[in-house]
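Student: The sequence shown begins at 509 in the numbering used here and counts up by one. Think of the CB as a built atom: it goes at the ideal place given N, C-alpha and C, for glycine as much as any other residue. Quantities reported herein were computed from a predicted structural model and do not represent experimental measurements.
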Amino acid sequence: MAPKLAAAAAMSRHVVVVTHVPPFREAAWHEGRPSNDDWVPWFACKATGEAIVACARDCPRTEFIVLCGHTHGAGIHSPAANVMVHTAGAEYGAPGVQRLFEFAP
């Protein structure tokens, strides 16, 4: 993943990362709070988060927007100045649009 992130950052000022599982503990929402120690191993992927933050640190002028879900709780987390993680909320059987993004060329 890291080489592809770096390649995308080299080509654009905005990189959108889409992953089912949140890449940070703080983005794995449950009942309005991040998941606790007992549950976070099943609801977040630390290795993905580390790769995103490392690339963001190397590319400070690139904005990284991370879209994820899995936990069914919604929230926003910013682990670095140029990284914003949007975790989508969900209800079984009722998918919906979470938000819209517009990017200027």
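DSSP state of valine 548, grouped into three classes?
Tutor: The answer is helix: DSSP assigns valine 548 an H, G or I state.
Student: Can at least three beta-carbon pairs, one atom from the region 556-566 and one from the region 595-611, be found at a separation below 8 Å?
Tutor: These segments do not touch.
Student: If you count every other CB in all the chains shown that lies within 10 Å of the CB of glycine 577, and 16 or more means buried, which is it?
Tutor: Buried: at least 16 other Cβ atoms inside 10 Å.
Student: Work out the CA separation of tryptophan 537 and alanine 552 for me, nearest whole Å.
Tutor: C-alpha separation (whole angstroms): 10 Å.
Student: Quick check: what's the CA-CA separation for glutamate 599 versus alanine 517?
Tutor: One C-alpha to the other measures close to 33 Å.
Student: Would you mind sorting alanine 602 into buried or exposed? The rule is 16 or more other CB atoms within 10 Å of its CB.
Tutor: That one is exposed.
Student: In terms of DSSP beta bridges, what is methionine 592 paired with?
Tutor: Methionine 592 pairs with Ile573.
Student: Residues in the same chain with beta-carbon distance under 6 Å from proline 524, minus the five sequence neighbours each way, listed in chain order, please.
Tutor: One detail in the question is off: residue 524 reads as valine in this sequence, not proline. For valine 524, where only same-chain residues beyond five positions count, the Cβ hits under 6 Å are Ile573.
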